[in-house]
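Take a look at the structure below.
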Amino acid sequence: MTTATEALGAARALGARFAGNVDGPLLSIALVILAVGLATLFSASTGFPGRVTSQAVNIAVALTVMWVVAQIPPQTLMRFAVPVYLAGVLLLVGVALFGEVVNGARRWLHVGVVRFQPSEIMKIAMPLALAWFFQRREGITTWREWLAAAVMLAVPVALIAKQPDLGTALLVTAAGFYVIFLAGLSWKVMLALAVAAGAAMPLLWSMLHDYQRRRVLTLLDPTSDPLGAGYHIIQSTIAVGSGGLTGKGWLEGTQTHLEFIPERTTDFIFAVFSEEFGLAGNATLLLLYLALIGRGIAIAANAPTLFARLLAGAIVLTFFTYAFVNMGMVSGILPVVGVPLPLVSYGGTALVTLFTGIGILMSIQKHRKLVQT
Amino acid sequence: MAAHFTDAARDLARFRVRLAIAGAVVVAAFAVLFGRFFYLQVVQHRYYHTKAEDNRIAVVPIAPNRGLIVDRNGVVLARNDSAYTLEIFPRRVADLEGTIDGLATVLDIQPKDRKRFRRLLDESKGAESLPIRTRLTDEEVARFAAHAYRFPGVEIRARLFRQYPQGALASHALGYIGRINDRDLERLEAEGLLARYKGSDHMGKVGLEQSYERELHGTPGFAQVEIDAGGRALRTLSSSAPTPGNNLVLTLDTRLQAVAEQAFGDRRGALVAIEPSTGGILAFVSVPTFDPNLFVDGIDPASWQALNEDPDKPLNNRALTGAYPPGSTFKPFMALAGLELGKRTPEYTIQDPGHFSLPGVSHRWRDWKAGGHGAVNLHRSIVISCDTYYYGLGNDLGVDAIHAFIGQFGFGSRTGIDIEGEKPGLLPSSDWKWKRFKQKWFAGDTISVAIGQGYNLATPLQLAFATAVLANNGVVYRPHIVRYVEDARTGERRAIEPQPERVVKLNPKWVELVKNAMVDVTRPGGTAARAGAGAEYQFAGKTGTAQVVAIKQGEKYDEKRVAERHRDHALFIAYAPADNPKIAVGILVENGGHGGSAAAPIARQVFDYFLLGKLPDRPAAAADDDGD
């Protein structure tokens, strides 16, 4: 009897140890979205054999990374902040100097046999470093702090935009901006920034590459270039619209299966989902993301230190940015930028980044009491 | 410590306010997305649904089977064969030359295939696909299939091909089909027929294939096919069958045609045989012929050049478009004119000195026989073909009376045969000369017209037609080569032209007289006596010789001295049996010499076969000369 209870208790303890700092609600929501993503990928990947298995491997790797990150206490993360940030900047400089050009953009760096995009590191390193910075200044926020934060943000973003990789630059900017916003940047300054940004638009426009300008222009009128840049938007909008209220059914999307949707396993996978599951599916997916973000916001709101709050808040809002930009692009209200649909699009790098973020959120959630005492 | 705690609390409160604002933004942004989804998926759903269907479904035409062409006995002259072609879709291929070079490593692609392809590309810029190779063997199909992945934009297609199983036989009547080129497309568009040619690559270009194009072609069917973004057809959703083209049943007799063509041997010329009681064409010969099969897939430039540059001009349809002086074959019609218009009586007799002159004109019109024929009445003028008799008659009638009367037999105007491109020949009149040359008609002009020379020109078809009208005592049937148009599915037949078109008013007595004289032409003493010797039936005929080179005044025409191409054309018109004509022919042998010796034996072989079923053992040899 006692042995049985002991055994059970031991098993629980083992399970708890194995679960470590994993946050149940966050993981559950993420797993549901992952499942939806795999089902959609299965439908989208006719013609790309092996994508589902390959994505399953990616998920396994990403979940492991999440588990590992979740074990790291926020204080330790804070110690990593500066080195990771500096390493990221150095690697970006390295890319600018020695990077490999793929599809006209210099984004990749070879390190031994591994080839990776250092810009991806910045998606985590940026909020980490800025949160560290504001924690260090202990909430003192004079104009010097804001200026320093702006410089920390601007340097890597400029390097990424130069590659050019507008999508990542946008996401890194967003991640950094969220930290600054949550740190309490005054509304006046934000307003001034918004006005300045508006004024700088023409200048920015002149700095854009031709293909980037075309993407913005095609958004305004996709039919101006129906076989070129407009093709993505036209076909994905048709896919979404033809999905109707309840969708054409899983594996029944004609736009998908007749190969009218380009990039249908990666950036445009939402068109596939939307065509096959309709408005009902879209609403469900929006609610799932809302739940994920809501849980993240709750974690941020209850985080014990400024660093943890800012980091958690920024990470969670980055998830939102991913989801919003991707779905907005596929449904034709935002220009085409290379942003994947979080937890759904095919691709290992994005998954690992996302789950690193989720791991950080979990760590913050589990370590809140330890710090408070 | 307290202050610090308060600060921390204030910081936390401020952070939470900011976080709440961010949360509100998230909800608002998702609401915007939901609004957008609602707009696309509910409000605009119908529109996008249609768009997706349009994307997915393509309407593909199914070309109809072309009608068959069979002769009066059911012998197939044109049919459809299915065969594989290797087709290139020029718009889907970036490097045409490279692709063809690549194909040449897998399949046998000759330089002539390349040339033909380039020519087709030039002629049909709008074509979706063009054949680089036709009639692939099963083995070649398999070989290409194994390498197909290397050649995007190149596909094997099963197609129906026009095939002319009799080869060159009757090719000038049948004509041929060819690929629809840009000019054809323009014409079809102008005629509003483009829709009927969706999915069709070929159309009739010459001959019956051209003139009965509307009957033969049929109406295409359509299939709704699901296609992918690459335009590949995946499955058929629904289809409507094409309506096949109608079959043509000809009046032509293939075996008679073969006998007639062979009778020419290697000589050039034309023969048209008509059934007088219906106007049906029994044989339609223009030699040399050509193989219409060459044209079906686009003729290769080498064959085209060979045909085009052949001095014998095999592509010329001599029967339909060759205009020759009718020569003495004109005389029976002249004789009839003299009798009907009261300028001659049967008894009227001239003393032929061998030439004719007009008062006040120094020119002497000579008879073909030096020294003349002596006493010649109307009957004899036909039998021995006396020129002098007709010089006088022509002068008495005047050109306009000749034009009016003989025009009724179809000279100078199109017969209306159901093959396109017929030439009208020329039957002169004073009006015509004024319009043409702004010159007055001289009495001297009439003299040579009277013996079928001068401005006179007739096609072999016109000669046969006029002969048939005469044989038929003036009842005119429009010549036609199609007997029935037959519905390919029901077998229902629609007869063509069974009714007499008009009647030339003739006195039976005068017709009898002329016909009797024509019978005597083929008997001892007549100009076609040798050709008529030993015939088991009576036949009527008239020989003719048409000058190619004008003979100078005072010069004797010496056939042997004149280069072959400058020799006279030999002519013969005839019908048989004389008392109940079943067949009437007009024959021309280019540079054949005399009608009696060169052309009449051909008629004899044709009649022997048609009436008795007797097959000649060799081409009609030139008979001994009986004179003009």
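Chains as they are written, first to last, in our numbering: chain A, 311 to 683; chain B, 11 to 638. In this text, a Cβ means the ideal position worked out from N, Cα and C, and glycines have one as well.
Cβ pair B:Phe154, B:Gly112 closer than 9 angstroms: Your numbering for residue 154 of chain B matches position 144 in the second sequence. Your numbering for residue 112 of chain B matches position 102 in the second sequence. Not a contact, by the Cβ cut-off of 9 angstroms.
Per DSSP, the bridge partner or partners of B:Val492: Here residue 492 of chain B corresponds to residue number 482 of the second sequence, with the count starting at 1. The partner list for B:Val492 (beta bridge, DSSP) reads B:Leu260.
If you draw a straight line from the C-alpha of B:Glu219 to the C-alpha of A:Tyr541, how long is it? As a working note, residue 219 of chain B is residue 209 in the second sequence. As a working note, residue 541 of chain A is residue 231 in the first sequence. Distance between the alpha carbons of B:Glu219 and A:Tyr541 is about 46 angstroms.
Counting C-beta neighbours from all protein chains within 10 Å, is the total for A:Leu513 16 or more, i.e. buried, or is it exposed? The residue labelled residue 513 of chain A in the question sits at position 203 within the first sequence. That one is exposed.
Interface residues of chain A facing B:Ser33 [CB-CB closer than 7 angstroms]: Position 23 of the second sequence, counted from the start, is the residue given in the question as residue 33 of chain B. In the sequence on display, residue 33 of chain B carries Gly and not Ser. Simply Ile607.
Between A:Ala340 and A:Ala460, what straight-line distance do the alpha-carbon atoms span, to the nearest angstrom? Residue numbering aside, residue 340 of chain A sits at position 30 when the first sequence is read from its first letter. Residue numbering aside, residue 460 of chain A sits at position 150 when the first sequence is read from its first letter. Going from the Cα of A:Ala340 to the Cα of A:Ala460 covers about 32 angstroms.
By Cβ distance below 7 angstroms, which residues in the same chain neighbour B:Pro363 in space, the five residues on each side in sequence not counted? On the second sequence, position 353 is the one that residue 363 of chain B refers to. Shown here for B:Pro363: same chain residues with a beta carbon closer than 7 angstroms to its own, the five before and five after excluded, namely Gly382 in chain order.
Are the Cβ atoms of B:Ile639 and B:Phe366 separated by less than 9 angstroms? Any property of residue 639 of chain B remains undetermined from this structure, which presents chain B solely from 11 to 638.
Compute the minimum distance between the beta carbon of B:Gly422 and the heavy atoms of the ligand HEM, and state whether it is under 8 angstroms. The ligand HEM is absent from the structure shown, which contains no ligands of any kind.
Three or more C-beta pairs below 8 angstroms linking the region 38-57 of chain B and the region 584-593 of chain A: yes
So what does DSSP say about B:Gln361, is it helix, strand or coil? Working through the second sequence from its first residue, we reach residue 361 of chain B at position 351. Note: B:Gln361 maps to strand in three-state DSSP.
Spatially closest choice to B:Ile491 from B:Val164, B:Leu258 and B:Val70, by CA coordinates: Indexing the second sequence from 1 puts residue 491 of chain B at position 481. Here the closest residue by C-alpha is B:Leu258.
Chain B contacts made by the region 543-554 of chain A, where a contact means CB separation under 9 angstroms: Ile544, Gln545, Thr547, Ile548, Ala549, Val550, Gly551, Ser552, Gly553 and Gly554
Taking the C-alpha atoms as reference points, what is the distance between B:Asn256 and B:Leu226? In the second sequence, the residue the question calls residue 256 of chain B occupies position 246. In the second sequence, the residue the question calls residue 226 of chain B occupies position 216. Computed Cα separation, rounded: 5 angstroms.
Looking at C-alpha atoms only, which residue of B:Lys445, B:Asp307 and B:Val42 is the closest neighbour of B:Ser134? Looking up residue 134 of chain B in the second sequence gives position 124. Considering only alpha carbons, the answer is B:Asp307.
Checking 9 angstroms against the spacing of the C-beta atoms, do B:Ala347 and B:Ile412 come in under that value? Position 337 of the second sequence, counted from the start, is the residue given in the question as residue 347 of chain B. Position 402 of the second sequence, counted from the start, is the residue given in the question as residue 412 of chain B. It is a contact, given that the beta carbons lie within the stated cut-off.
Please specify which runs of the alpha helix (DSSP H), each continuous and at least 4 residues long, are wholly inside the region 576-626 of chain B, giving them in chain order. 610-617
Can you list, in chain order, the residues of its chain whose CB lies under 7 angstroms from that of B:Leu198, leaving out five sequence neighbours each side? Taking the second sequence and counting its residues from 1, one reaches residue 198 of chain B at position 188. Contacts found: Leu204 and Tyr207.
Check the DSSP bridge columns for B:Pro296 and list the partner residues they point to. Mapped onto the second sequence, residue 296 of chain B falls at position 286. Note on identity: in this sequence residue 296 of chain B is Ser, with Pro being the wrong assignment. Its beta-bridge partners are B:Ala280.
Less than 9 angstroms between the C-beta atoms of A:Phe580 and A:Ser546, yes or no? Along the first sequence, read from residue 1 onward, the residue named residue 580 of chain A stands at position 270. Along the first sequence, read from residue 1 onward, the residue named residue 546 of chain A stands at position 236. Cβ atoms of A:Phe580 and A:Ser546: closer than 9 angstroms.
Mind listing which residues of the region 346-373 of chain A have their C-beta closer than 7 angstroms to chain B's C-betas, in chain order? The region 346-373 of chain A vs chain B, Cβ under 7 angstroms: nothing.
Mind checking who B:Trp375 pairs with in its DSSP beta bridge? Along the second sequence, one-based indexing puts residue 375 of chain B at 365. Per DSSP, B:Phe366.
At least three beta-carbon pairs within less than 8 angstroms, the region 401-418 of chain A to the region 633-640 of chain A: no
Take the Cβ of B:Glu271 as the centre, count every other Cβ of all protein chains shown within 10 Å, and call the residue buried at 16 or more, exposed below. The residue given as residue 271 of chain B occupies position 261 in the second sequence. Classification of B:Glu271: buried, given that the 10 Å Cβ count is 16 or more.
Between the C-alpha atoms of B:His576 and B:Val558, what's the straight-line distance to the nearest angstrom? Counted from its first residue, the second sequence places residue 576 of chain B at position 566. Counted from its first residue, the second sequence places residue 558 of chain B at position 548. In a straight line, the C-alpha of B:His576 is about 6 angstroms away from that of B:Val558.
For B:Asn482 and B:Gln176, I'd like the C-alpha separation in whole angstroms. On the second sequence, residue 482 of chain B is found 472 positions in, with the first residue counted as 1. On the second sequence, residue 176 of chain B is found 166 positions in, with the first residue counted as 1. Our two residues, B:Asn482 and B:Gln176, have alpha carbons roughly 32 angstroms apart in a direct line.
Any Cβ of chain A within less than 9 angstroms of the Cβ of B:Leu247? Residue numbering aside, residue 247 of chain B sits at position 237 when the second sequence is read from its first letter. Closer than 9 angstroms: no.
Quick check: the Cα distance between A:Leu627 and A:Ile544, rounded to an integer number of angstroms? Taking the first residue of the first sequence as position 1, residue 627 of chain A is located at position 317. Taking the first residue of the first sequence as position 1, residue 544 of chain A is located at position 234. Cα to Cα, the separation comes out at about 29 angstroms.
With a threshold of 9 angstroms between beta carbons, is B:Leu43 in contact with chain A? Along the second sequence, read from residue 1 onward, the residue named residue 43 of chain B stands at position 33. With 9 angstroms as the cut-off, B:Leu43 counts as an interface residue toward chain A.
Cut-off 8 angstroms between Cβ atoms - residues of its own chain near B:Leu625, not counting five sequence neighbours on either side: Against the second sequence, residue 625 of chain B aligns to sequence position 615. Excluding residues within five positions, the ones whose Cβ falls inside 8 angstroms are Val269 and Tyr619.
So what does DSSP say about A:Gln682, is it helix, strand or coil? As a first step, residue 682 of chain A is located in the first sequence; it is residue number 372 there, counting from the start. Any reading at A:Gln682 must be qualified, since the residue scores a pLDDT of 46, below 50, and its modelled position is unreliable; the value itself is stated next. Reduced to three states, the DSSP call for A:Gln682 is helix.
So which residues of chain B does A:Phe444 contact, with C-beta pairs closer than 7 angstroms? In the first sequence, the residue the question calls residue 444 of chain A occupies position 134. Within chain B, no residue comes near A:Phe444; the closest Cβ sits about 10 angstroms away, beyond 7 angstroms.
Which of the three DSSP states, helix, strand or coil, is assigned to B:Tyr94? Within the second sequence, residue 94 of chain B is the residue found at index 84, counting from 1. Of the three classes helix, strand and coil, the one that applies to B:Tyr94 here is strand, per DSSP.
Which residue comes first and which comes last in the alpha helix (DSSP H) that contains A:Phe665? Within the first sequence, residue 665 of chain A is the residue found at index 355, counting from 1. A:Phe665 -> alpha helix (DSSP H) spans Gly658 to Lys676.
What are the complete alpha helix (DSSP H) segments, minimum 4 residues, inside the region 120-176 of chain B? 121-133 and 148-157
For B:Tyr94, which residues in chain A fall below 9 angstroms Cβ to Cβ? The residue labelled residue 94 of chain B in the question sits at position 84 within the second sequence. Neighbours of B:Tyr94 on chain A: none; closest Cβ ~28 angstroms, over 9 angstroms.
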